[in-house]
Amino acid sequence: MLGIDTCLAEVMSIPGALDAMLVDHTSGMAVAFSSASGVDADRSAAALTEALRATTDGLARSCPGDVVRIDDMLVTTDKGHHLLRLLETVFEGPLVIYVRLDRERSNLALARHRLQNISSALTTK
Amino acid sequence: MTRLDTLLAGLARERSTGALRVGRSGTIFLADGRVTYMECAQAPSVERLLAARGLMSETALRRLRDDGGCARLIEEGPLTAGELQYAVLGGVLDAAFFLLPVSGARPKFRPGERHWLGGQWFFDVAGLVRECARRRTQLAEIWPSADVDLLPVRPLARLPGHGVTLSRVQWEVVVRADHKATPLELAKQIGRPAYPVLLAVRRLAAAGLLAEPEPAGLPKRGQHAAAGRPPHDPGAAPQPLGPPVTGDPTDLALLMRLKKALEELS
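Top to bottom, those sequences are chains A and B.
The opening position of the first sequence corresponds to residue 794 in our numbering, with each subsequent residue numbered one higher.
The opening position of the second sequence corresponds to residue 8 in our numbering, with each subsequent residue numbered one higher.
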């Protein structure tokens, strides 16, 4: 059985994963994180939450008439990929899985597929 | 540090197991010095939230509590182990936000007592205190006045512009707002933890979507400016931070350290 504390290890086993974090989107809190050196988990969680909120806002305006429901968000930089997956839970949420991937060593399609499996093991929705 | 923080830090150091009852405000459950569960009268309990989501009636939950506990809840209930952890995590932090600043109640510790939902997540006391402080700052950054936390939520009858985007919680708040219920009452009605509702209401206030407080309420503000505020508000009557400062050299050393830290911050 996958818990929110144990799922980080699963996320980190995705090929090319550099570090990973679980974020509570409502409060912007880092729930759990892999310890990458030099990362301030609290600040990055809060900032990623704001980025997600801004994206939701932007999408809500760019597709009027739709109710925006983000499944995942992908940002590619010169060094790597940043994947955010939003999990709806029966309780609050969404819970966000964030993973930073090495551009050379990762396979984006595989990473998304693995994240999908992890999230369906984690929640009922 | 408030007295409750100090007391908890002491219990953590002694690796205590049991329940700390804080008057009628709430209870904190510890196992081996770490907090496993917390409930506060101001915030809806995890049981209440699970019931509000239509997962299970509170009676059914009580039956599970007496027979089978969490293992059976996951086995029979419509939620996964991860979701139960997340529910407890959210519930405890929500309760901590309102319970930790409580002062005046005489806490009583009962060794050995456990909560049936405890054991899903373990919080260290310092981490809890830090997260509560972060949440207070977050609220103040969105909208500096805590008045909106206590007053009835009164959304404007007309939108001052052409359109606006609302988050999910804001939507629920606006739909339920009857101009009488306060944010904490709304949280209980819509079955959400109280803190997300406070966040949503402060964002509404910051966006100028709430009506001005009624003028009748204004004269009171001057008088009770500090007294009428919730303890989690930065404008509340100051609670003593650390030991009282005297002229003795250890305190001077502390002040110098503080000064240095503040200088490094800016």
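Just so it is clear, CB atoms sit at the ideal spot from N, CA and C, and this is done for glycine as well.
N- and C-terminal bounds of the alpha helix (DSSP H) containing residue i
i	result
PHE105(B)	88-106
MET63(B)	Careful: MET63(B) lies outside any alpha helix (DSSP H) and carries neither H nor E.
ILE797(A)	Here ILE797(A) belongs to no alpha helix (DSSP H), and DSSP marks it neither H nor E.
ILE81(B)	76-83
LYS115(B)	Unbroken run through LYS115(B) is the beta strand (DSSP E), 114-118; no alpha helix (DSSP H).
THR851(A)	Looking at the sequence provided, one finds Gly at residue 851(A) rather than Thr. Residues 834-855.
LEU193(B)	190-197
ALA825(A)	Here ALA825(A) belongs to no alpha helix (DSSP H); instead the beta strand (DSSP E) covers 822-826.
THR13(B)	10-20
Proximal chain B residues relative to residue i, where beta-carbon distance stays under 9 Å
i	result
ARG854(A)	GLY170 and THR172
THR917(A)	PRO85, LEU86, THR87 and GLU90
ILE797(A)	ALA88, GLY89, GLU90, GLN92, TYR93, LEU96 and TRP128
Residue i, enclosing beta strand (DSSP E) - first and last residue
i	result
LEU867(A)	865-869
LEU877(A)	873-880
ALA214(B)	Counting along the chain, ALA214(B) falls outside any beta strand (DSSP E), and DSSP gives it neither H nor E.
VAL858(A)	The amino acid occupying residue 858(A) in the given sequence is Gly; Val does not appear at that position. First-last for GLY858(A): undefined, no H or E at that position.
ALA38(B)	33-38
VAL816(A)	810-817
LEU27(B)	25-29
Listed by chain order, chain A residues near residue i by CB distance under 7 Å
i	result
GLU138(B)	MET822
PRO190(B)	What PRO190(B) touches in chain A: nothing, since even the nearest Cβ is about 14 Å away.
PRO118(B)	Those within 7 Å of PRO118(B) in chain A number zero; the least Cβ separation is about 27 Å.
Where residue i meets chain B, residues with beta-carbon distance less than 7 Å
i	result
ASP850(A)	THR172
Amino acids of chain A, ordered along the chain, whose beta-carbon sits closer than 8 Å to that of residue i
i	result
ARG199(B)	GLU885
PRO203(B)	THR819, SER820 and GLU885
Chain-ordered chain A contacts of residue i [CB-CB under 9 Å]
i	result
ARG141(B)	SER820, GLY821, MET822, ASP835 and ALA839
List, from N- to C-terminal side, the beta strand (DSSP E) runs of 3 residues or more that fit wholly inside the region 148-184 of chain B. List check, beta strand (DSSP E) in window: nothing returned.
Is it the case that the region 209-222 of chain B contacts the region 157-168 of chain B, given that we only count it when at least three CB pairs across the two stretches are under 8 Å? Note that the region 157-168 of chain B touches the region 209-222 of chain B; at least 3 beta-carbon pairs, one per stretch, sit closer than 8 Å.
Decide yes or no for the touch test of the region 199-212 of chain B against the region 100-109 of chain B: beta carbon pairs closer than 8 Å, at least 3 of them. These segments touch.
Determine, using beta-carbon pairs with one atom in the region 9-23 of chain B and one in the region 895-905 of chain A, whether at least three such pairs fall under 8 Å. In short, these stretches do not touch, since the Cβ pair count stays below three.
Report yes or no: do three or more beta-carbon pairs, one from the region 57-66 of chain B and one from the region 138-155 of chain B, lie closer than 8 Å? Verdict: no, contact absent.
Ignoring anything shorter than 3 residues, give me the beta strand (DSSP E) runs that lie fully in the region 877-907 of chain A, in order along the chain. Whole beta strand (DSSP E) segments, 3+ residues: 888-895.
Give me the subset of the region 877-891 of chain A whose CB atoms are less than 7 Å from a CB atom of chain B, sorted by chain position. Correct list: THR882, VAL883, PHE884, GLU885 and LEU888.
Below 8 Å, how does it come out for the region 127-145 of chain B and the region 34-45 of chain B: are there three or more Cβ pairs, yes or no? A contact exists between the region 127-145 of chain B and the region 34-45 of chain B.
Using a Cβ-Cβ cutoff of 8 Å, what residues of the region 810-834 of chain A are near chain B? List them in chain order. Hits within the stretch, in order: ASP817, THR819, SER820, GLY821, MET822 and VAL824.
In the region 38-70 of chain B, which residues sit with their C-beta less than 7 Å from some C-beta in chain A, listed in chain order? Taking 7 Å as the Cβ-Cβ cut-off, the region 38-70 of chain B approaches chain A at LEU56, ARG60 and LEU62, given in chain order.
Against chain A: residues of the region 146-180 of chain B by CB proximity under 7 Å: Result list: THR172.
Between the region 807-822 of chain A and the region 831-841 of chain A, can you find at least three pairs of beta-carbon atoms closer than 8 Å? By the C-beta criterion, the region 831-841 of chain A is judged to be in contact with the region 807-822 of chain A, since at least 3 inter-stretch pairs fall below 8 Å.
Whether or not the region 801-815 of chain A and the region 172-190 of chain B are in contact is what I'm after, with contact meaning three or more pairs of Cβ atoms, one per stretch, closer than 8 Å; do they touch? No, the region 172-190 of chain B does not touch the region 801-815 of chain A.
Is it true that the region 861-880 of chain A meets the region 73-87 of chain B, where meeting means three or more beta-carbon pairs spaced less than 8 Å apart? Contact between the region 861-880 of chain A and the region 73-87 of chain B is absent, because fewer than three Cβ pairs lie under 8 Å.
Say whether the region 114-125 of chain B touches the region 809-817 of chain A, bearing in mind that this needs 3 or more beta-carbon pairs closer than 8 Å, one atom from each stretch. When C-beta atoms of the region 114-125 of chain B are compared with those of the region 809-817 of chain A, fewer than three pairs fall below 8 Å, so the two segments do not count as touching.
If we count Cβ pairs, one from each stretch, closer than 8 Å, do we get three or more for the region 874-884 of chain A versus the region 87-96 of chain B? Short answer: they touch.
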